[in-house]
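Number of protein chains: 2
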Amino acid sequence: MSSMPAEKCKQCSLFFNRDFFCSHLSPDELTNLSGISRTMAMHRGEAVSAEALKAWPIIAVASGVLSIQHLLEDGRRSIAAFFMAGDIIDFRSFADHARGQVIALSKANICRLSPQVFKQIVKNNPDAQEIMWENLRNQSFRAMDHSSDLAKKRALEKLASFLFECRCHYTIAPQGSTVSIPVRRIDLADYLGMQPETVSRCFRDLEEQGIIEFKTLSSVTIKDVPLLRQIANGAKDASAYQPADKTMKILRFA
Amino acid sequence: MSSMPAEKCKQCSLFFNRDFFCSHLSPDELTNLSGISRTMAMHRGEAVSAEALKAWPIIAVASGVLSIQHLLEDGRRSIAAFFMAGDIIDFRSFADHARGQVIALSKANICRLSPQVFKQIVKNNPDAQEIMWENLRNQSFRAMDHSSDLAKKRALEKLASFLFECRCHYTIAPQGSTVSIPVRRIDLADYLGMQPETVSRCFRDLEEQGIIEFKTLSSVTIKDVPLLRQIANGAKDASAYQPADKTMKILRFA
DNA sequence: CGGCAAGTTGAGCCAGGTCAACTCCGGTGG
DNA sequence: CCACCGGAGTTGACCTGGCTCAACTTGCCG
Chain B
1 MSSMPAEKCK
11 QCSLFFNRDF
21 FCSHLSPDEL
31 TNLSGISRTM
41 AMHRGEAVSA
51 EALKAWPIIA
61 VASGVLSIQH
71 LLEDGRRSIA
81 AFFMAGDIID
91 FRSFADHARG
101 QVIALSKANI
111 CRLSPQVFKQ
121 IVKNNPDAQE
131 IMWENLRNQS
141 FRAMDHSSDL
151 AKKRALEKLA
161 SFLFECRCHY
171 TIAPQGSTVS
181 IPVRRIDLAD
191 YLGMQPETVS
201 RCFRDLEEQG
211 IIEFKTLSSV
221 TIKDVPLLRQ
231 IANGAKDASA
241 YQPADKTMKI
251 LRFA
Chain A
1001 MSSMPAEKCK
1011 QCSLFFNRDF
1021 FCSHLSPDEL
1031 TNLSGISRTM
1041 AMHRGEAVSA
1051 EALKAWPIIA
1061 VASGVLSIQH
1071 LLEDGRRSIA
1081 AFFMAGDIID
1091 FRSFADHARG
1101 QVIALSKANI
1111 CRLSPQVFKQ
1121 IVKNNPDAQE
1131 IMWENLRNQS
1141 FRAMDHSSDL
1151 AKKRALEKLA
1161 SFLFECRCHY
1171 TIAPQGSTVS
1181 IPVRRIDLAD
1191 YLGMQPETVS
1201 RCFRDLEEQG
1211 IIEFKTLSSV
1221 TIKDVPLLRQ
1231 IANGAKDASA
1241 YQPADKTMKI
1251 LRFA
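Just so you know, the sequences run in chain order B and A. For reference, each letter of the first sequence is one residue, going 1 to 254 in our numbering. For reference, each letter of the second sequence is one residue, going 1001 to 1254 in our numbering.
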């Protein structure tokens, strides 16, 4: 019995996805870890309480989207980072240090890991250790890239970048150029440092120019990948690439 | 001879500062690592070339300030992150993935570590491993906090936050409320996503309100820590705290 | 099918970007 | 020792991208 994966782990992506942490544990390690870890099903908007975070500072995301959010005193909200299936958020030595809340942005399943057992496993299991390094480095670079986007890009450019970010990081099976946006417009706005109205307007602009096309609110097809890439990279004038419209009008009256 | 720290390590902060990586290595480990690592003295503006980064993807900062910079196609520059003494930047599996340049923002000394030896040491030396985890987590949270600042704070608030960031992270011995700003105004602007002109104006405003005082361009004293904190946290109206000035003028003419 | 949250659209405005001129400062050479 | 130079920082005047506020539409869930 102790050599079989625990019941609750059988269906968990952390276990059956070879890229994720739990799939690299020995049966014994899995049993140990599973035994004193706490799974938790979250709804959108639900937070992991500060006390829970203190007692269980390591959170593995099995499905859905988690976020770290900060609230300014006058109510402005910003989302510091997104976390998706496979990410392990390690708050050890930061739980006290008020660093914003951990909030689900969709239905999500998480597993709160025992720090002791986790530490032990990481120390002794090189495979698991490697996965963990990789994941943490990945989180770190994602955050830095995101900082850099926020710092100097204009609204349209930030949205374009975000679509590529979705394609690379936030889609389990990146097929073709259809990406799914896993969060609401409001959350997207707070993540990208803009207003929901602006998000809406910029998406409309991109769609009007035929660069993207929405199938549903949360599913977009990128029709012109190179052009969107150009925009994301801050090419001087994206409209130079759409020779119709404005340019023509000006020429017509010249 | 092999039990003594290598000549080049003796004076290095990474070795003599107990919080940093090399001070936790056994004499043999240090000798090994030192033997095939490359120290490098950098001037401001100098970059670590992409090839160098590929061959030596792990960089330990011994002194000075390093940065990761991104360039947009039209020349806009943004600084994704600062790194100071003790930080170890690990580009393994990211070196190819064009992720911007590594550029010194001041005179700096770095040590490029052999990935093989480094990996070995981290695997076998729990102390060193712990330091490394701590450092990487720290980098990661710094980047996320920074993202969150960039997303929703106004210029003045970003500067206020940055001063605290300096006090916590970027000052080796945080004494009193005098902090040193280790980079030029331009770099600060590119890090905070604003223009140097705006940086200048906002610093002036803070100084005129008596909240901070510059001793030199790179050394500021925070005269009113709580108020600066309020501003950094985005309190509704910072000027509510300075009952003089504008308010008075308006009243006078009312 | 009704009710409410999420998303969109429009009109007006302002924080901060842009551009150009000026000052300050440390280093260099006469 | 001073004159000069170039890069960094500052100041002022002007302009605009994106925020704000309010009204409207859409889509989701019971």
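Cβ atoms here follow ideal geometry from the backbone N, Cα and C, with glycine treated the same way.
- Around residue 141(B), the beta-carbon contacts reaching into chain A at under 8 Å are 1094 and 1099.
- Between residue 1057(A) and residue 1091(A), the C-beta spacing is below 9 Å.
- C-alpha of residue 1084(A) to C-alpha of residue 1066(A): approximately 7 Å in a straight line.
- Distance from the CA of residue 1161(A) to the CA of residue 31(B), rounded to the nearest whole angstrom, comes to 44 Å.
- Relative to residue 1072(A), the option among 60(B), 130(B), 151(B) and 12(B) whose CA is nearest is 151(B).
- Residue 1108(A) sits buried, since 16 or more C-beta atoms from the chains shown fall within 10 Å of its C-beta.
- Excluding residues up to 5 positions away in sequence, 6 and 9 lie with their Cβ nearer than 6 Å to the Cβ of residue 34(B) in the same chain.
- The Cβ of residue 68(B) sits closer than 9 Å to at least one Cβ of chain A.
- Bounds of any alpha helix (DSSP H) do not take in residue 17(B), whose DSSP letter is neither H nor E.
- In this structure, residue 1026(A) places its C-beta atom within 9 Å of the C-beta atom of residue 1125(A).
- Under the three-pair Cβ rule at 8 Å, the stretch 1131-1145 of chain A does not count as touching the stretch 1199-1218 of chain A.
- By a beta-carbon distance limit of 8 Å, residue 185(B) contacts residue 196(B). Their separation comes to about 5 Å.
- Across the set 1127(A), 1148(A) and 1069(A), the C-alpha of 1148(A) shows the shortest separation from the C-alpha of residue 79(B).
- Under the Cβ distance rule, residue 1190(A) counts among the residues neighbouring chain B, one pair being separated by less than 9 Å.
- Judged by beta-carbon spacing, residue 74(B) lies within the 9 Å limit of residue 1235(A), meaning their Cβ atoms are closer than that value.
- The C-beta separation of residue 181(B) from residue 220(B) comes to about 7 Å, placing the pair in contact by the 8 Å criterion.
- Chain-order list of chain B residues neighbouring residue 1146(A): 147, by C-beta distance under 7 Å.
- In the DSSP secondary-structure assignment, residue 1039(A) is bridged to 1111(A).
- DSSP places residue 29(B) in the helix class (H, G or I) of the three-state scheme.
- Within the stretch 1040-1071 of chain A, the residues whose Cβ lies closer than 7 Å to some Cβ of chain B are 1068 and 1070, listed in chain order.
- The Cβ atoms of residue 39(B) and residue 88(B) do not sit closer than 9 Å to each other.
- Distance check between residue 1128(A) and each of 70(B), 14(B) and 123(B) places 123(B) closest, using alpha-carbon atoms only.
- Rounded to whole angstroms, the gap between the alpha carbons of residue 1199(A) and residue 1163(A) is 12 Å.
- In the three-state reduction of the DSSP assignment, residue 213(B) falls in the strand class.
- With distances taken between CA atoms, residue 202(B) lies nearest to 231(B) out of 226(B), 178(B), 176(B) and 231(B).
- With respect to the C-alpha of residue 1068(A), the residue from 166(B), 29(B), 167(B) and 140(B) having the closest C-alpha is 140(B).
- With contacts defined as CB atoms closer than 9 Å, residue 144(B) and residue 1143(A) qualify as a contacting pair.
- The residue among 208(B), 192(B), 104(B) and 113(B) with its C-alpha nearest the C-alpha of residue 42(B) is 104(B).
- Neighbours of residue 1124(A) across chain B, judged by C-beta separation under 9 Å, do not exist; the nearest C-beta is about 10 Å away.
- The beta-carbon of residue 200(B) is placed no less than 9 Å from the nearest beta-carbon of chain A.
- Annotated three-state conformation of residue 235(B) is coil, per DSSP.
- Taking 9 Å as the threshold, the shortest C-beta distance from residue 181(B) to chain A does not fall below it.
- Annotation: Cβ neighbours of residue 1090(A) in chain B (cutoff 7 Å, chain order): 137.
- The contact set of residue 176(B) on chain A, defined by CB atoms closer than 9 Å, is empty, because the minimum CB distance reaches about 22 Å.
- Going by DSSP, residue 162(B) is part of no beta strand (DSSP E) but of the alpha helix (DSSP H) stretching over 155-165.
- A straight line joining the alpha-carbon of residue 16(B) with that of residue 121(B) spans about 18 Å.
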